[in-house]
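So in this note's numbering, spot 82 of the sequence shown is number 82, and the numbers just go up one at a time. Read the structure below first, then the notes.
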Amino acid sequence: MTTINHIIAILIVKVLSLIVYHSPTPALSSTTMTTVESFTIAAQWQGDAACVYRPSIQTFFCDTARDGINAEFSVKFGDASDIPLLGDVDGDGRDDPCVYRPSIQTFFCDTARDGINAEFSVKFGNASDIP
1 MTTINHIIAI LIVKVLSLIV YHSPTPALSS TTMTTVESFT IAAQWQGDAA CVYRPSIQTF
61 FCDTARDGIN AEFSVKFGDA SDIPLLGDVD GDGRDDPCVY RPSIQTFFCD TARDGINAEF
121 SVKFGNASDI P
């Protein structure tokens, strides 16, 4: 992620955190398999763990022990076409797995961190926007 994209992602997550306090909307997450690859997202934001997202299985992995050995936390969330994001959206001091679905310009965040449902969703942006 380039520096500008990283800054934009942080700003979007911060805006989402402001929005979510006023109008949470439940949304379901579904999962579909895709190609194998991993990339780093959100490394140690506000004291949280280093995390990666593996698109092949739509799963976030976080090294909460910060020892670089294993992921002590993982959650499967989103669709294969989603763009993963992490950030403390609900203000509890922990990063929440979120995804942006470009096809419907909607953010989904799993603040319960259970991989079952998004506790809120926010439709925002245009089809050509990048979160």
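C-beta atoms are modelled at their ideal positions from N, C-alpha and C, and glycine is treated no differently. Only a predicted model underlies this, so the values are computations on that prediction, with no experimental measurement involved.
- Scanning its chain for C-beta atoms nearer than 7 Å, with the 5 sequence neighbours on each side dropped, one finds around ASP82 the residues VAL99, TYR100, ARG101, in chain order.
- Sixteen is the threshold: since fewer than 16 other Cβ atoms of the shown chains lie within 10 Å of the Cβ of ASP67, the residue is exposed.
- For ARG113 and THR106, the gap between their C-alpha atoms comes out near 18 Å.
- Annotation: the continuous beta strand (DSSP E) that includes GLY87 extends over 83–87.
- Contact check for PRO97 and PHE77: beta-carbon distance about 5 Å, within the 8 Å limit, so the pair qualifies.
- Where PHE108 is concerned, the enclosing beta strand (DSSP E) starts and stops at 106–109.
- Beta-bridge partners of ALA127 (DSSP): none assigned.
- For ARG101, the enclosing beta strand (DSSP E) begins and ends at 96–101.
- Between the beta-carbon of CYS109 and that of VAL89 there is about 5 Å, and that keeps the pair under the 8 Å contact cut.
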